[in-house]
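Chains as they are written, first to last, in the working numbering: chain A, 84 to 517; chain B, 84 to 517; chain C, 84 to 517. No residue lacks a Cβ here, since even glycine has one placed at the ideal position from N, Cα and C. Just so you know, these numbers come straight off a predicted model, no measurement behind them. What follows is a single structure, written as structure tokens, with notes after it.
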Amino acid sequence: MSYTLTRPRSEQRPDTGFVPAETLAQLTELLERRRTGYSMEGPFYTDPGIFKADMEGIFGKHWIFTASIAEIPEPGDYVTLDFGPYALIVLRTDDGGVNVLHNICRHRGARVLTESRGSTGNMVCGYHSWTYAEDGTLIHASTAPGEKLDKECFALKRAQVRIVAGLVFTCLAEEPPEDFDEVIPLIEPYLAPHDISQTKVAYQQNIIEEGNWKLVMENNRECYHCDGHPELACSLFPTWGLSDGLIPPHLEEVWARNVEAKIQLEERCDRYGLHHEVIEQLDTRIAGFRISRESLDGAGESFSATGRRLSKKLLGSLRDFRLGRCSLHLQPNSWFHFLSDHIVTFAAIPINEHQTLVRTTWLVADDAVEGVDYDLDELTHVWKQTNLQDKAFVEMCQLGAASPAYEQGPYMDSEYQVEAFVNWYTQRMREHIA
Amino acid sequence: MSYTLTRPRSEQRPDTGFVPAETLAQLTELLERRRTGYSMEGPFYTDPGIFKADMEGIFGKHWIFTASIAEIPEPGDYVTLDFGPYALIVLRTDDGGVNVLHNICRHRGARVLTESRGSTGNMVCGYHSWTYAEDGTLIHASTAPGEKLDKECFALKRAQVRIVAGLVFTCLAEEPPEDFDEVIPLIEPYLAPHDISQTKVAYQQNIIEEGNWKLVMENNRECYHCDGHPELACSLFPTWGLSDGLIPPHLEEVWARNVEAKIQLEERCDRYGLHHEVIEQLDTRIAGFRISRESLDGAGESFSATGRRLSKKLLGSLRDFRLGRCSLHLQPNSWFHFLSDHIVTFAAIPINEHQTLVRTTWLVADDAVEGVDYDLDELTHVWKQTNLQDKAFVEMCQLGAASPAYEQGPYMDSEYQVEAFVNWYTQRMREHIA
Amino acid sequence: MSYTLTRPRSEQRPDTGFVPAETLAQLTELLERRRTGYSMEGPFYTDPGIFKADMEGIFGKHWIFTASIAEIPEPGDYVTLDFGPYALIVLRTDDGGVNVLHNICRHRGARVLTESRGSTGNMVCGYHSWTYAEDGTLIHASTAPGEKLDKECFALKRAQVRIVAGLVFTCLAEEPPEDFDEVIPLIEPYLAPHDISQTKVAYQQNIIEEGNWKLVMENNRECYHCDGHPELACSLFPTWGLSDGLIPPHLEEVWARNVEAKIQLEERCDRYGLHHEVIEQLDTRIAGFRISRESLDGAGESFSATGRRLSKKLLGSLRDFRLGRCSLHLQPNSWFHFLSDHIVTFAAIPINEHQTLVRTTWLVADDAVEGVDYDLDELTHVWKQTNLQDKAFVEMCQLGAASPAYEQGPYMDSEYQVEAFVNWYTQRMREHIA
């Protein structure tokens, strides 16, 4: 189901250890002189020290999407997730909940689970057989007669977890930012009708982009480059990110079609009681997000050349295929499209300052039969192509950012979400350093 | 025409960013205690911070050979050239001139041209279609109605250019060292009769040597190791770098042949009005160089086992095949051999502190027909072999320089040009730091 | 005879140069707060700066095992050995001694010998033919008439050497720690009867473990993980490291067998005049070591599934096959098993902070005939398997140590030799920094 990573592990190793004092001073200065409306300076994308600071200040502090429960449907199912220097286990528990645990044995630091996914009972470290329960409790360690080991002191470390309509989020900080709990009730009603608990993974693609995670995100947050996505542009209106009065001449015809489709979609949503209003708080809160339901071109059903459905089975409680896409953008590193017939989740998982794993997962109704209800190649075609195109874009920018001749360029009006991402990042890092 | 590079891009990525203060202090000390007549201390060849300083102080400030006009014969032809963190476009213009531009889109920093060579009209960035004219002017960027973009502020950055007898040089500094303009009239008369504008590229070899760029240069600047070049030694007298009174016993016979050939060559040059006097200013000026016309062994015509011509077509305005080699050494990173039947250009292009791309290009008369007037394997044999031998030498030294037990060794009399290179480098870096 | 290394040289290059001041301050603090009885903090295993400090403070100062004389049986035979940034030649001399020389030409720093092993007369650098005698003396360098070169100033640098029962040790420091000379007479009587001088190399395995050298050593110093070595556990009692009163229930039966075998072994040793008492000074002296002769399970003869001999020829002056294993542990990076029918030597050779070459060499009697007296696959089976299992264990820990969530874990009683290794390392590094 999953692509094999094409590069050996050792080359992906991030530079770990403390952020050097000199880097911190440099970073502080760079954050202070950040120029609004412009891309960031080169070192944000190329400096190993700033990458370490990102791991601490962003990925070590904020809510991060890990997997959906469709990836771990049964008790004992798990996914292991590495980002930067961190190694996590995302484990479905017997009561149907999810625990996120640091994948590090408390004895000698070995990885406890070594596969990228699987199913386990108690977790047994392969080195000295220390055995942990699903909540991380150390339940067995071989000892000599008379040898004392206070098992309560050596449980696997746990991270905070929130499950939002089947999406599993984790926060590594002991005191997570509180406002994510305010965001959950805002976004859950949009997603719940698609009911991830009744879906299954049709496919997962893991590609490594030779670019900093922030370039991956910036690329994701604008459609100014959508001429470079011919397959996607068949269904996703390339006017995305634009609004009335901002439509360039060559997109006017598309925009008119979009407006018409929007009216129809809103009628449908109102009929079925589906939320469709845009909520956009990308850089105005800590748990920055944007959610909306937007129309698709052509048949308006799914990400295909014609806009027609890609799976014959409707998701969850939905009663109509023509529901456009419910799209969610989250800071710092994930985005999602919920359609009537399938869901696509995306995560940009940092490896080191110049490499990012982009994981894309396609979910379909759990009773959809491959080859009967959906064709896997057709289902995945648009985003596989789009991801490869985006990989090329990101890599072109990474190479440029390394040059001393690189200079910050202006974001265009249609790139306002890129600006919002950079604003969000800059604010979080300032807070972190302070 | 060009070898594919054998290592993927991402492994060649230099460590970019500022030179750490600690490195700068260390470098200052190392430069101060430089021991005349001896090789440099290890960190000059192995330290990533000193590599960054080299990029700033040498490659960011001085005149660098990029390509000959034979590589870009038609308007719109271009070569892209990366060295260290820099990325350049070398572009033939409609009026037959050459522009050198930083290959970095002013919008989001993407590489504008992504191929290593090709032909282009206006340059269109593949990311958001920002379009630049041959002089770098931004001539198109899609905007929304009412959106303002001051195109004049976002032209591709240009570097300074000088064309010397068809060799294209660039300087990335805003105020290039002035004395290169004094050097041009000294060397142009030697090269002009070979007329690069009437040549074509027969072959280009790109090899990556696992060694610092300075070791590549030091190796190039002496023939004390020429016993390791059996193919080259057939035509290039291995007494190169020596002079009367400095000839070791085992080379005395060769020297006598050399002296005789020299007399004959000078007669020929005088007859045809060709310059042959040695001008040597390797470390006595900023634009350090050495030029000469020297005899070849055997038939004295070209770099072959017998010394006989390798192409049947004479270059430019030349009227005789027996003209030895007109050789040019330039600081910091290039050298050239102009013969009656072909030209070979060499550039040592730094990748990172332990890897250097050596690019060798063979030019023949533009009306020479492969397989009829020249055989490509024969034409390239001597320098292909020599380059591989030099690669091994450089790599042996790079490994040695990394050891704490490495100690500076003495340059021999015949290595005086190596000493001159190190003198030149040391002076430039002192000036840069000061 | 030797595995080819599977990764290209350039990727193994350690980061050379000075230890940054910031690293040194951090290291000092980490050493000060070292928690007794617990594994070390993460940066000891992942920080490139601490690796450099290890190279200076451990490998640059202490006695290191290089090879046995069985690898260089004839005058002129040599092995080259690189660890971290160091490059050495281990050379058998005409008088049967061994010289260890830095493999760095004194002229331009080239590697003098470029093969991993071979046979040589005078050593001729391949670059400019500088020629050295077996003691490192420069005996030839080509000069011009009148050119002066004081050959006495440019001998290959030599390291200190001690040969202990055929094992060649070197120390790179000018003033080696003196107590190794006290250790030699303690261990030599155990090893001498196996007489390495009458053995030959049957096989050498070189594997690269993706882990810090200290993790390789810590793994070697305990058998708490021996459930992970099913092949080894057939002959090596998995109660190794335990003693009466420390036997966990599941090992009680094995322990009883061990005790019985021990009694029989000691009787045999006494009969033949072989030493068997344990001497254990792992962290109580600078030249830390442990030596013992211990019983094997089953037939008690060798490392096979049945405990039966793997070679039909007895070593040296031995007169019985059932002699268990005489095992030697040395700080910082080697261990050895001397059996009646073969010897296995092990060295953990640091490459960089996250890679270690583990070299295992099997020696048999020099008159043993492959295919007749021993089967090579059978001879090497147990330790080849065990090494691969250990490689996996080390790599699991290296990944864990990189995580900010990694925390020092407790060493169990049976891991007391791991604690001793860490104690030894910590003391040596404190002394080095002070």
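Item, Value
"Sequence-distant residues of its chain with Cβ nearer than 8 Å to A/E63 (five each side left out)", "Nothing can be reported for residue 63 of chain A: it is not among the residues displayed for chain A, which extend from 84 to 517."
"Length of the line joining the Cα atoms of A/F134 and A/E105", "14 Å"
"Interface residues of the segment 227–244 of chain A facing chain C [CB-CB below 8 Å]", "A227, P228, G229, E230, L232, F237 and K240"
"Local conformation of C/H425 per DSSP, three classes", "strand"
"Contact the segment 489–498 of chain B vs the segment 345–362 of chain B: 3+ CB pairs below 8 Å", "no"
"Segment contact, 8 Å Cβ cut-off, at least three pairs: the segment 185–201 of chain A with the segment 141–148 of chain A", "no"
"Chain-order list of residues whose beta-carbon lies under 7 Å from that of B/G125 (same chain, five-residue window excluded)", "A484, A485 and Y489"
"Boundaries (first-last residue) of the alpha helix (DSSP H) holding C/F263", "F263 to L274"
"C/G371 to C/A503 span [Cα, whole Å]", "9 Å"
"Residues bridged to C/T176 (per DSSP)", "C/T176 pairs with nothing; no bridge assigned."
"Interface residues of the segment 405–417 of chain A facing chain B [CB-CB below 8 Å]", "none"
"Minimum length 3: unbroken beta strand (DSSP E) runs contained in the segment 199–241 of chain C", "200–202 and 221–223"
"Residues of the segment 107–139 of chain C whose Cβ lies closer than 8 Å to any Cβ of chain E, in chain order", "Considering every chain present, this structure includes no chain E. Its protein chains are A, B and C."
"C-beta atoms of B/A448 and B/S280 nearer than 9 Å", "no"
"Chain C residues whose Cβ lies nearer than 9 Å to that of B/A104", "None at all; the shortest Cβ gap to chain C is about 10 Å."
"Local Cβ density within 10 Å of C/Q347, reported as buried at 16 or more and exposed below that", "exposed"
"Any 3 or more C-beta pairs closer than 8 Å across the segment 400–408 of chain A and the segment 420–435 of chain A", "yes"
"Proximity test, Cβ basis, 9 Å: C/H185 and chain B", "yes"
"Under the three-state DSSP convention, the category B/H359 falls into", "coil"
"Chain C contact residues for A/R191, given Cβ-Cβ distances below 7 Å", "S122, C480 and G492"
"Where C/L113 falls: helix, strand or coil (DSSP)", "helix"
"Rounded separation between A/Q438 and A/N470 - CA only", "15 Å"
"Whole beta strand (DSSP E) elements within the segment 117–181 of chain A, 3-residue minimum", "147–151, 160–166 and 169–175"
"Any C-beta of chain A under 9 Å from that of B/H211", "yes"
"Helix, strand or coil at B/P487 [DSSP, three-state]", "coil"
"Test item: CB-CB of B/L319 and B/W338 under 9 Å", "no"
"DSSP-derived helix/strand/coil call for A/L88", "For A/L88, the predicted structure reports a pLDDT of 37, less than 50, and the residue's modelled location is therefore unreliable. The matter cannot be settled from this model."
"Chain-ordered chain A contacts of C/Y489 [CB-CB under 7 Å]", "I187 and G192"
"Exposure of B/R376, with buried meaning 16 or more beta-carbon neighbours within 10 Å", "buried"
"Chain C contact for B/L440 (CB, 9 Å cutoff)", "no"
"Delimiting residues of the alpha helix (DSSP H) encompassing B/E457", "First, the residue type needs correcting, since residue 457 of chain B is Tyr and not Glu in the sequence shown. Note, B/Y457: premise wrong, no alpha helix (DSSP H); not H, not E."
"Three-state class that DSSP yields for C/E292 in the structure shown", "strand"
"Proximal residues to C/S225 (C-beta, below 8 Å), its chain only, five neighbours per side dropped", "H211 and S212"
"Continuous beta strand (DSSP E) assignments of at least 3 residues falling wholly in the segment 369–430 of chain B", "372–377, 408–413 and 417–421"
"Interface partners of C/A517 on chain A, CB under 8 Å", "What C/A517 touches in chain A: nothing, since even the nearest Cβ is about 23 Å away."
"Contacting residues, own chain, Cβ-Cβ under 8 Å from A/L114 (five flanking each side not counted)", "T509, M512, R513 and I516"
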